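Residue numbers (this note's numbering), protein chains in the order written: chain A, 1 to 125; chain B, 1 to 293.
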C-alpha cells in the first residue's frame with residue numbers, strides 16, 4: 001500500500017487515504033486477501049491521528065473494499081468483478097460527461113467531439 | 001471507553017487568575033494536545049491533574065482513581081516533563097538519574113541508557129550547566145524510562161530545534177502503538193499537534209473552549225477572507241470571530257455551507273488550522289493592529 005498525504009489538499013486526510021486505497025484496489029495494485037497495516041501502525045507511519053486512520057478504514061469497510069477480522073487485522077476484501085467493472089465504467093462515464101459539458105461551453109458540437117474522441121481512442125491502441 | 005484521566009468541574013482561584021469549571025477527559029490509548037495562549041492556565045491545569053497544585057473544587061480521576069487519595073500510585077504510573085525541568089542544580093545527571101531510579105518500582109535502566117545515548121546526554125555534567133533544551137531531554141529520558149501509562153508533557157518543544165521536535169513527536173506516536181499508553185501534551189506551537197494529536201483541548205482565560213477529536217474540530221471550522229463590504233449585519237452573525245484588515249476581513253465560521261452560499265465566489269473559504277481557530281475565535285472586529293496585542 002502506498003499513501004501520500006498532502007497537507008495542502010482541501011480534502012480531509014481521512015478522505016485522501018480512502019481515495020488512494022480505493023484507487024489501488026480498483027486498479028488491482030492491492031489484491032484480495034492482502035493484509036493492510038494496523039490502524040495504529042498506519043497512524044504512526046503517516047504521522048497522523050489514530051482517529052483519522054480509523055475513520056478511513058471504517059469508510060473503506062462500509063464501501064466493501066476491506067474487511068476487519070477481529071484480533072487478526074484488516075484485509076483487502078474479495079471484490080465482485082462485475083461490481084468493480086461497473087464502478088470503473090461509471091468513472092469513465094463521469095469523465096466523459098465532464099468533457100461534454102466543457103465542450104458545450106466552448107460551443108464544440110457533437111461531430112467535432114466524436115472526431116476528437118476517435119483520434120484519442122486511436123492513439124491509445 | 002476507559003479514560004486515562006477525567007477532570008470534572010475543577011476550579012482553582014488565584015489572585016487575578018482562575019481556572020473555573022474545567023471538565024474534559026482523555027480516553028486511554030490516545031494523544032491529546034492542550035492548546036491555548038500563554039496565561040490560559042495550561043500549566044496550572046497539568047499541575048492540578050498531578051496534584052502538584054491542590055484543586056479547590058471538582059474532581060480529578062487518573063486511571064479511574066481519585067488523584068488526592070491515590071496520589072502515590074498515580075505518580076508511579078505517570079511520566080511528567082515540566083516546562084522548566086528543575087532538579088538539584090549542583091548534582092550530576094548520573095546521580096540525579098540514580099536517585100530517580102530508586103523511586104520507581106518499574107525503572108527500566110536499559111530503556112534509560114538507550115535514551116541517554118540517543119539524546120547524547122552529558123551524564124557527568126551538573127544539571128545547572130545544561131541548556132534548556134538539554135534539560136528537557138534529560139527530563140524526557142527520565143519520564144519515559146519507568147513504564148509510564150500516562151505521559152504528560154508541558155511545552156516540551158519550546159527551546160528544542162525542529163529536528164529534535166520531529167523526533168520527539170515520532171517517539172510519542174511510537175509509544176501509542178501500545179494501546180494502554182496515553183499522552184497529554186501542552187503547547188502553543190500548534191503545528192506540532194496538527195497531524196499526530198487525536199484530541200485537542202483548547203483552554204482560554206482559565207476555561208475550556210472545546211475538547212474534541214481533532215478531525216472533528218478541523219472539519220467543522222473554516223477561515224473566510226473577503227472584502228469588508230461583504231460584512232453586513234446578517235453576514236456577521238455567521239462568524240465566531242472576525243479581524244478587520246486594511247484590505248479585507250478574516251473570519252472564523254462553523255457555518256461553512258451557509259457562508260459559501262452567501263458569498264459564493266466573492267470570498268475565499270479554507271479549512272482552518274488550529275492556529276487560525278486559536279487566534280480568531282472570539283475576536284471582535286478590532287483592527288489587526290489592535291488585535292495583535
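All C-beta atoms in this analysis are idealised placements derived from N, C-alpha and C, irrespective of residue type, glycine included. Note that the structure is a prediction, hence the values are computed from the model and not measured.
In three-state DSSP terms, what is residue 289 of chain B? With a pLDDT of only 48 at residue 289 of chain B, under the threshold of 50, the placement of this residue in the model should not be trusted; the figure read from the coordinates follows. Helix, per DSSP.
Are the CB atoms of residue 249 of chain B and residue 242 of chain B nearer to each other than 7 Å? Against a cut-off of 7 Å, the Cβ pair of residue 242 of chain B and residue 249 of chain B comes out as a contact.
How many angstroms separate the CA atom of residue 221 of chain B from the CA atom of residue 239 of chain B? 10 Å
Through-space distance from residue 113 of chain B to residue 6 of chain A, alpha-carbon basis: 37 Å
For residue 35 of chain A, count the other beta carbons within 10 Å of its own beta carbon; 16 or more makes it buried, fewer makes it exposed. Which is it? exposed
DSSP has residue 152 of chain B in a bridge; who is on the other side? Residue pairing by DSSP places residue 152 of chain B opposite B/80, B/184 in a beta bridge.
Looking at residue 119 of chain B and residue 97 of chain B, is the spacing between their C-beta atoms short of 7 Å? Not closer than 7 Å, so no.
Compare the beta carbon distance of residue 25 of chain B and residue 3 of chain B with 7 Å and say whether it is the shorter of the two. yes
I'd like to know whether the C-beta of residue 40 of chain A is nearer than 7 Å to at least one C-beta of chain B. yes
Could you pull the start and end residues of the alpha helix (DSSP H) that residue 57 of chain A belongs to? 50-62
For residue 27 of chain A, collect the residues of the same chain with a Cβ closer than 8 Å to its Cβ; drop the 5 residues on either side in sequence, then sort them by chain order. none
Under 9 Å between beta-carbons, which chain A residues line up against residue 204 of chain B? List them in chain order, please. In chain order: nothing, as chain A lies at least about 23 Å away.
Using a Cβ-Cβ distance cut-off of 7 Å, determine whether residue 290 of chain B contacts chain A. Interpretation of residue 290 of chain B is limited by its pLDDT of 45, a score under 50 that renders its predicted location unreliable; no figure is taken from the coordinates.
Cβ of residue 50 of chain A less than 7 Å from any chain B Cβ? With its beta carbon less than 7 Å from one in chain B, residue 50 of chain A belongs to the interface.
Along the segment 61-80 of chain A, where does the CB come closer than 8 Å to a CB of chain B? Name the residues. none
Flag residue 180 of chain B as yes if its beta-carbon sits less than 7 Å from any beta-carbon of chain A, otherwise no. Among the residues facing chain A, residue 180 of chain B is not included, as its CB has no counterpart in that chain under 7 Å away.
Helix, strand or coil, according to DSSP, for residue 96 of chain B in the structure here? helix
First through last residue of the alpha helix (DSSP H) which encompasses residue 14 of chain A: 13-26
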